[in-house]
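Residue 2 is where the sequence shown starts when you use this note's numbering, and the numbers rise one by one after that.
Written below as structure tokens is the structure these notes are about.
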Amino acid sequence: MERRSAPRKPVLMSGVIKFAEITVNCLISDMSISGASIEVSNPQDIPERFSVLFKGDDTPLACRVVWRRADRVGVAFD
């Protein structure tokens, strides 16, 4: 059963997670207007709230973690 408020579309976009003066490279694997699935090497190191920037666009998007898996986090955009 789909619980998302908006359907996600597959994408492959490089990005950067930023928090507390730390940057972590990531890959956005799917996205909707309300959230995304983000691949990272160690999801446990990512805090509950952070900003994500898409490569080529320096506009930060505020995010909050909704779920964590072995190699990715699901986020909702704030």
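For glycine and all other residues, C-beta sits at the position ideal for the given N, C-alpha and C.
Practice item. Report yes if the C-beta distance between F51 and I29 is below 8 angstroms; otherwise report no. Key: In this structure, F51 keeps its C-beta atom at 8 angstroms or more from the C-beta atom of I29.
Check your understanding: Exposed or buried, which one is S1 when buried takes at least 16 other CB atoms within 10 Å?
Key -> Any question about residue 1 goes unanswered here, given that the chain covers just 2 to 79.
Review point. Where DSSP assigns a beta bridge to A71, which residues make up the other side?
Key: A71 pairs with nothing; no bridge assigned.
Check your understanding: Which two residues bound the contiguous beta strand (DSSP E) that contains N26?
Key -> I23 to M32 is the extent of the beta strand (DSSP E) around N26.
Practice item. Could you tell me which residues DSSP pairs with G57 in its beta bridges? Key: Checking the DSSP bridge columns, you'll see G57 has no partner listed.
Review point. Whose CA, out of V67, A71, R73 and D72, lies closest to the CA of S35?
Key: When only C-alpha atoms are compared, the closest one is V67.
Check your understanding: How far does the beta strand (DSSP E) with E40 in it reach, from first residue to last?
Key -> Here the beta strand (DSSP E) through E40 covers G36 to E40.
Exercise for review: Would you mind sorting A37 into buried or exposed? The rule is 16 or more other CB atoms within 10 Å of its CB.
Suggested key: Buried.
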